[in-house]
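Residue numbering for the sequence shown follows our numbering, beginning at 5 and increasing consecutively. Positions of the beta carbon are idealized from the N, C-alpha and C atoms, including for glycine. Quantities reported herein were computed from a predicted structural model and do not represent experimental measurements.
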Amino acid sequence: MTDFEDIVVATTAEHVLQITLNRPKARNALRTNLLRELAEALDAAAADDDVRAVVLTGGEKVFAAGADIGELAALDLKGVVEDARPGYWQRIAQFPKPLIAAVNGYALGGGCELAMHADIIIAGDDAEFGQPEINLGILPGAGGTQRLIRTVGKPLAMKMVLAGERIDARTALTAGLVAEVTAREATIERAEALAKAIAAKPPMAVRQAKDVLLKAFDTDLTAGLRLERQAFTILAATEDRAEGLSAFMEKRKPQFKGR
Ligand code: CAA
């Protein structure tokens, strides 16, 4: 695996990759180099048949404090227009395999937006989510306005973005932003267990399911149902479907091969 400066990438279990944001002194602020490395690591994971799920974490203390404010301050209008970062965010958003975020501590600004790029968020009971960009005279720039309102609904999204107020892990759970809250020490372990469980499922079905679920954000119900039917039909051609159905009927454990 390539050596990175701002992230650590490790295989932690069969078919499971863990990516840890690694700028602890800057509270894992997402400088351009970090986003570039993250996009590269996810592109590599997407192309690697051996990887079936990825856990993304900032470690046990902080997830990420958002965009690197020093970098933002150095950008004029031309710099913002020509910024490479939106391209990296797009690559992160297009990662086709399950991405599970293990969030401890602050997930603010771009950090909250990065967590929302994950398919599932597991939060430690110390986690805090927020979009404080308003305090800097800007607004969320990596999908925060669009993904947050679709996930937690208008009242909470408005409060978080307009007032810059943070929410704690329990509120995030009630609002549907996170899937589970764990003890702080158990967050990464739980995300890893979930990644392992997903990695043991038939990968083509997992991939189709992720793709169709995310389409719900972009389509109306009729178009979404059509896409679901298409994906359901595509899977009829897979060996894993035949294996899954036979194994159930023969009362044995399925052996999925990813074909
Ligand atoms: N960018 C750059 N550096 C940051 C940073 C950031 N987003 N967040 C923290 N740091 C740095 C601090 O400057 C400080 O550096 P020094 O030690 O060199 O002084 C170090 O990290 C530790 O920070 P604090 O002393 O502030 O640590 P704390 O534990 O007291 O507070 C915090 C932590 C609440 C996260 C606080 O640092 C904070 O509020 N950070 C900024 C959060 C923010 O506004 N995020 C939005 C950024 S804009 C954005 O994300 C745009 C977008 O949509 C993409």
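For this session: With a threshold of 16 other CB atoms inside 10 Å of the CB of Pro90, please say whether the residue is buried or exposed.
Result: By the neighbour-count rule (16 or more Cβ atoms within 10 Å), Pro90 is not buried but exposed.
Exercise. Using DSSP with H/G/I as helix, E/B as strand and the rest coil, what is Val216?
Worked result: For Val216, the three-state secondary structure derived from DSSP is helix.
Exercise. Beta strand (DSSP E) containing Ala78: first to last residue?
Worked result: Boundaries for Ala78: no beta strand (DSSP E) harbours it, and the DSSP string shows neither H nor E there.
For this session: Entirely within the stretch 11-90 and at least 4 residues each: give me those alpha helix (DSSP H) ranges in chain order.
Result: Taking only runs of at least 4 residues, the alpha helix (DSSP H) segments lying wholly in the stretch 11-90 are 36-51, 73-77, 81-85.
Exercise. When burial is assigned at 16 or more other CB atoms within 10 Å of the CB, is Leu225 buried or exposed?
Worked result: Its Cβ having fewer than 16 others within 10 Å, Leu225 is exposed.
Exercise. Which residues in the same chain have their Cβ closer than 7 Å to the Cβ of Lys219, if we skip the five residues on either side of it in sequence?
Worked result: Correct list, in chain order: Gly228, Leu231.
Exercise. What residues in its chain sit with their C-beta under 6 Å from that of Glu184, if we drop five residues either side in the sequence?
Worked result: Cβ within range, chain order: Ile126.
Exercise. Can you name the start and end residues of the alpha helix (DSSP H) that Val165 belongs to?
Worked result: Element bounds for Val165: 158-166.
Problem set entry | Gly128 - DSSP class collapsed to helix/strand/coil | When secondary structure is reduced to three states using DSSP, Gly128 falls in the strand class.
For this session: Grab me the residues of Ala49's own chain with a C-beta within less than 6 Å of its C-beta, minus the 5 sequence neighbours each way, in chain order.
Result: Setting aside the 5 residues that flank it on each side, Ala49 is surrounded in the same chain by Leu21, Val55, Val58, each with a C-beta closer than 6 Å to its C-beta; the list follows chain order.
Exercise. What is the DSSP secondary structure of Ile142, reduced to helix, strand or coil?
Worked result: Three-state DSSP puts Ile142 in coil, outside helix and strand.
For this session: Check the C-beta distance from Arg170 over to Gly128 and give it rounded, since I have them as a contact under 8 Å.
Result: In this structure Arg170 does not touch Gly128 by the C-beta definition: roughly 15 Å separates them, more than the 8 Å allowed.
For this session: Over the uninterrupted beta strand (DSSP E) stretch that includes Glu184, give me the two end residues.
Result: In the DSSP assignment, Glu184 falls within the unbroken beta strand (DSSP E) covering 184-186.
Exercise. Quick one, are the C-beta atoms of Gly62 and Asn108 less than 9 Å apart?
Worked result: For Gly62 and Asn108, yes; Cβs fall inside 9 Å.
Exercise. Which residue's Cα is closest to the Cα of Ala69: Leu46, Arg245, Ala30, Arg40?
Worked result: Ranked by Cα distance from Ala69, the first of Leu46, Arg245, Ala30, Arg40 is Ala30.
Exercise. If you run the structure through DSSP and keep just helix, strand and coil, what is Gly228?
Worked result: Helix at Gly228.
Exercise. In whole angstroms, what separates the C-alpha of Pro100 from that of His121?
Worked result: Straight-line spacing of the CA atoms in Pro100 and His121 works out to 11 Å.
Problem set entry | Host beta strand (DSSP E) of Ala204 (start-end) | Unbroken run through Ala204: none, as it is neither H nor E.
For this session: Could you pull out every residue in the same chain whose Cβ sits closer than 6 Å to the Cβ of Leu198, ignoring the five residues on either side in sequence?
Result: Excluding its 5 nearest sequence neighbours in each direction, Leu198 has C-beta neighbours in its own chain below 6 Å: Ile104, listed in chain order.
For this session: Return yes when the C-beta of Asp87 is under 8 Å from any heavy atom of the ligand CAA, and no when it is not.
Result: No - the ligand CAA has no heavy atom lying nearer than 8 Å to the Cβ of Asp87.
Exercise. Can we count Gly113 as close to the ligand CAA, meaning its CB is less than 8 Å from some heavy atom?
Worked result: Between the ligand CAA and the CB of Gly113, the shortest heavy atom gap is smaller than 8 Å.
Exercise. For Ile73, which residues of its own chain have a beta-carbon under 8 Å away from its beta-carbon, when the five flanking residues on both sides are left out?
Worked result: In chain order, Ala33, Leu140 place their CB closer than 8 Å to the CB of Ile73, counting only its own chain and leaving out the 5 sequence neighbours on each side.
For this session: Would you tell me roughly how many angstroms separate the C-alpha atoms of Thr155 and Ala97, rounded to the nearest one?
Result: If you take the alpha carbons of Thr155 and Ala97, they lie about 16 Å apart.
Problem set entry | Cut-off 6 Å between Cβ atoms - residues of its own chain near Glu41, not counting five sequence neighbours on either side | Phe8, Asp10, Ile11, listed in sequence order.
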